Amino acid sequence: MSSERPPARPPFEPRKNRKKPDKATSNPPTKANSDLKSTRPDQKVKVTPKSPQPQPQKSKETKRGYTREETKIPEKVSQRMLSRMVVLAGIPLLLGLGTFIGSYFIIAQDLLVLPNAAVVILSTGFFGLSVLGLSYGVLSASWDEEALGSILGWQEFKLNLGRMQDGWKATRQNKPKN
Numbered sequence: 017m018s019s020e021r022p023p024a025r026p027p028f029e030p031r032k033n034r035k036k037p038d039k040a041t042s043n044p045p046t047k048a049n050s051d052l053k054s055t056r057p058d059q060k061v062k063v064t065p066k067s068p069q070p071q072p073q074k075s076k077e078t079k080r081g082y083t084r085e086e087t088k089i090p091e092k093v094s095q096r097m098l099s100r101m102v103v104l105a106g107i108p109l110l111l112g113l114g115t116f117i118g119s120y121f122i123i124a125q126d127l128l129v130l131p132n133a134a135v136v137i138l139s140t141g142f143f144g145l146s147v148l149g150l151s152y153g154v155l156s157a158s159w160d161e162e163a164l165g166s167i168l169g170w171q172e173f174k175l176n177l178g179r180m181q182d183g184w185k186a187t188r189q190n191k192p193k194n
């Protein structure tokens, strides 16, 4: 077990902190006497303002000014997360649903008298495990494209949880106080 501090950001997060351009500086200043244009010294011609030329549409930016392409999770990483989530959340979900089916069968065949509370508690426990499986599935997957990670994913879980905590701390520090 190593005591290395996890990197502050996942591999797919952009490296630079870009600042959004100010709206006041992005528009060029207009001149007061640009309405009148002189072709000859004795003749003045009134110029109508030109229609604004369409500017190329920017890709949508997130709150911090990054494009979606820059913050996109790589396909390999998202497939790895999805496969872990299906296994770790799907099995408890099926067991939770199976609790209802199994308890109905037991009660219908008069095999055992089951209290309703027992069925509810057992199924709720399985559904809770399913929710935990979703979270663990995302955090236990390796966020590095080249590294597959371990089967259980405990080392990756600790590393990714540390990254999330660092991100939360950084967000709290940058949050303006009201």
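Add 16 to a position in the sequence shown, counting from 1, and you land on the number used in the numbering used here.
Just so it is clear, CB atoms sit at the ideal spot from N, CA and C, and this is done for glycine as well.
The structure displayed is predicted, hence computed values, not measured ones.
One Cα belongs to Ala134, the other to Met101, and the distance between them is close to 27 Å. The C-alpha of Lys92 lies about 33 Å from the C-alpha of Thr140.
At a cut-off of 4 residues, the continuous stretches assigned as alpha helix (DSSP H) that sit fully inside the region 88 to 144 are 91 to 124. Remark: C-beta atoms of Pro90 and Glu161 approach each other more closely than 8 Å. The C-beta distance from Ser146 to Ala186 rounds to 31 Å, too long to meet the 8 Å contact threshold.
Straight through space, the alpha carbons of Gln125 and Phe143 are spaced by roughly 26 Å.
Taking all protein chains in view, the Cβ of Pro131 is surrounded by fewer than 16 other Cβ atoms within 10 Å, so the residue is classified as exposed.
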